[in-house]
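Presented below is the structure to which this report refers.
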Amino acid sequence: MSNPEVKREFSEFGGRMKVIAILTLISIVIGVFTWFSTSVGFGGAGIGLVVFIFFILVLGDIKSAGNMLNNKNLLSFRSKIITSFILGIIGMIIFTAGLVGLGITIFFIGNLILSIIPITISIIGIIFLLITAILQIQAWSNLESFFTNNPTLFPQEIAEDARAGAKLCKIGAILDITVILMFIGNILRVIGYFKLASLNDLDDASL
Numbered sequence: 000m001s002n003p004e005v006k007r008e009f010s011e012f013g014g015r016m017k018v019i020a021i022l023t024l025i026s027i028v029i030g031v032f033t034w035f036s037t038s039v040g041f042g043g044a045g046i047g048l049v050v051f052i053f054f055i056l057v058l059g060d061i062k063s064a065g066n067m068l069n070n071k072n073l074l075s076f077r078s079k080i081i082t083s084f085i086l087g088i089i090g091m092i093i094f095t096a097g098l099v100g101l102g103i104t105i106f107f108i109g110n111l112i113l114s115i116i117p118i119t120i121s122i123i124g125i126i127f128l129l130i131t132a133i134l135q136i137q138a139w140s141n142l143e144s145f146f147t148n149n150p151t152l153f154p155q156e157i158a159e160d161a162r163a164g165a166k167l168c169k170i171g172a173i174l175d176i177t178v179i180l181m182f183i184g185n186i187l188r189v190i191g192y193f194k195l196a197s198l199n200d201l202d203d204a205s206l
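Note that the sequence shown covers residues 0 to 206 in numbering that gives the first Met the number 0.
As structure tokens, this is what we get:
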């Protein structure tokens with residue numbers, strides 16, 4: 000890679016993706032044990048927050064690289080991931096509010112007719128979450144396209160790993176829509192993160 004600044008951005012991106020991969024893997028393990036201990040669940044939430052912060056840093060690397068290369072796929076990846084984060088948070092809040100309202104309506108008010116309102120609210124939340132998943136799919140597809148269309152920017156092995164990593168993350172986002180296959184999607188996503196982490200080796204590699 001001839002541009003040292005672009006190389007540095009992608010190398011930092013890879014290093015942060017490695018941290019995200021490790022923390023996401025830990026959060027998956029914690030998620031399993033959450034069934035047995037509430038305190039463990041709080042630990043998982045803390046890790047999730049750290050992962051979110053690292054994702055913000057990663058998107059900063061992508062923005063810088065995208066601007067320097069004037070690449071629409073990189074910039075689109077960043078904007079779609081950010082939008083999906085925002086809509087995902089909104090969708091989860093709406094969906095949770097609907098479920099709480101449904102519980103109150105059924106168990107405390109005892110009026111099934113009024114339950115239509117919280118059910119509608121929950122459905123709106125689900126729609127937001129579906130849009131979030133679609134944006135995630137499109138975002139990872141953009142990143143995959145970047146590595147597919149620009150293989151000469153990186154050493155061959157790193158380019159192939161990065162492309163495969165983005166593809167696995169895209170498949171993981173697709174599986175999220177099915178809900179029942181979300182766990183498999185999370186595993187594929189972790190593998191994808193580790194493959195994207197190979198970009199951290201750019202400092203030690205040469206074309």
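Even for Gly, the Cβ is constructed at its ideal location relative to N, Cα and C.
- In its chain, beyond the 5 residues on either side, Asn141 have a beta carbon closer than 7 angstroms to the beta carbon of serine 75.
- In this chain, phenylalanine 153 is not harboured by any alpha helix (DSSP H), its DSSP state being neither H nor E.
- With fewer than 16 other CB atoms across the displayed protein chains lying within 10 angstroms of its CB, phenylalanine 107 is exposed.
- For phenylalanine 84, the uninterrupted alpha helix (DSSP H) segment begins and ends at 71 to 103.
- Assigned with DSSP and collapsed to three states, asparagine 141 falls in helix.
- Distance check between isoleucine 80 and each of Asn148, Ile92, Ala138 places Ala138 closest, using alpha-carbon atoms only.
- Under the three-state reduction of DSSP output, serine 26 falls in the helix class.
- Collapsing the DSSP output to three states places isoleucine 179 in coil.
- One alpha carbon belongs to isoleucine 25, the other to isoleucine 105, and they sit about 37 angstroms apart.
- For asparagine 199, the number of other beta carbons within 10 angstroms of its own is at least 16, and it is reported as buried.
- Shown here for leucine 56: same chain residues with a beta carbon closer than 7 angstroms to its own, the five before and five after excluded, namely Arg15 in chain order.
- When the beta-carbon positions are compared, alanine 196 and glycine 13 come within less than 8 angstroms of each other.
- As the crow flies, the alpha-carbon of leucine 167 is around 7 angstroms from that of isoleucine 190.
- With fewer than three CB-CB distances shorter than 8 angstroms, the stretch 143 to 159 does not count as touching the stretch 172 to 180.
- Contact check for isoleucine 46 and isoleucine 29: beta-carbon distance about 7 angstroms, within the 8 angstroms limit, so the pair qualifies.
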